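Mapping to my numbering: the sequence shown position 89 is 104, numbers consecutive.
Beta carbons are placed, not taken as given, at the ideal position from N, Cα and C, and that holds for glycine.
Just so you know, these numbers come straight off a predicted model, no measurement behind them.
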Amino acid sequence: MFDAKQEDRNDLAVVPFKFWVDHVENESGGLDAVHWASWGKRGYANWEKSEKVVRLVKDAKAMRGRPDAQPCVWDALEPHYNRWKDGLEAVTDGYALEGWAGGISVGQIAKCKSINVFSVEDLAKLTDENIHKLGPDGPKLRATAAAFVASLNGAGAKLAKENARLSAEVERLTKEAEDDRKAMREFMAQHQIEPAPMPADAAGAFASEPVSRPVGRPRKAA
Numbered sequence: 016m017f018d019a020k021q022e023d024r025n026d027l028a029v030v031p032f033k034f035w036v037d038h039v040e041n042e043s044g045g046l047d048a049v050h051w052a053s054w055g056k057r058g059y060a061n062w063e064k065s066e067k068v069v070r071l072v073k074d075a076k077a078m079r080g081r082p083d084a085q086p087c088v089w090d091a092l093e094p095h096y097n098r099w100k101d102g103l104e105a106v107t108d109g110y111a112l113e114g115w116a117g118g119i120s121v122g123q124i125a126k127c128k129s130i131n132v133f134s135v136e137d138l139a140k141l142t143d144e145n146i147h148k149l150g151p152d153g154p155k156l157r158a159t160a161a162a163f164v165a166s167l168n169g170a171g172a173k174l175a176k177e178n179a180r181l182s183a184e185v186e187r188l189t190k191e192a193e194d195d196r197k198a199m200r201e202f203m204a205q206h207q208i209e210p211a212p213m214p215a216d217a218a219g220a221f222a223s224e225p226v227s228r229p230v231g232r233p234r235k236a237a
């Protein structure tokens, strides 16, 4: 919620800085678009806060449902967000260029969008007639995109996803085991329970055993 002084709430002294789209990989291997907003407060220097748009909308709905509803951040940002969203280019079905980490630069993304290429799949299928519009690096960029698209459904991609799943599972089980050990230690400390002694002290057991001597007469010194 907006945390300005009460006298500032009348005109909601919120200054929108920017809106942007982040892309997060979903369970099926595709990308989901997540909208973010960044804003400041009028009269405050070097003050900026960022939040997901869906969270701002959720907070606004919760506030508007209260009998003592007060203006909130989303009341000030919503008109600006709607204007930004109206001008936002729709991403075609496929892997968004913004989520193609390491495969394309920001400048190249801008060039692609200028000719209505919004996904890696679009780039991979770009014709020879239009590829030159991306500059001298266009053909190489298209080849890289084609290789990436081919890997999305290949055996290597499936193996990588399975490895990631197994790694996450091992990490989860390891954390659960550590949590169980921690809980047990805390329980024993709380109830003043001493740990059970070991069956035998290895060092003491070895020390008590007689030292074996070699059979036969000792070798003469040179």
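Query	Result
Exposed unless 16 or more other CB atoms sit within 10 angstroms - verdict on residue 155	exposed
Rounded C-alpha distance that separates residue 29 from residue 82	23 Å
Nearest to residue 134 (by Cα), restricted to the options 144, 163, 152	163
Neighbourhood of residue 126 by C-beta, 8 Å cutoff - its chain only, sequence neighbours within 5 removed	148, 149, 150
Residue nearest to residue 110 in terms of C-alpha spacing, selected from 95, 62, 122, 137	137
Three-pair Cβ contact test at 8 Å for the segment 33–44 versus the segment 69–87	no
Separation of residue 140 from residue 161, as counted between CA atoms	8 Å
Backbone CA spacing between residue 62 and residue 152 [nearest angstrom]	40 Å
Residue 87 CB to nearest heavy atom of the ligand SAH below 7 Å	Absence of the ligand SAH from the depicted structure is noted, as is the absence of any ligand whatsoever, leaving it without description.
Where residue 22 falls, given that 16 or more other Cβ within 10 Å makes a residue buried	Reliability of the predicted coordinates at residue 22 is poor, the pLDDT of 39 falling under 50, and the value obtained from them is presented with this limitation in mind. So residue 22 ends up on the exposed side.
First and last residue of the uninterrupted beta strand (DSSP E) at residue 134	Unbroken run through residue 134: none, as it is neither H nor E.
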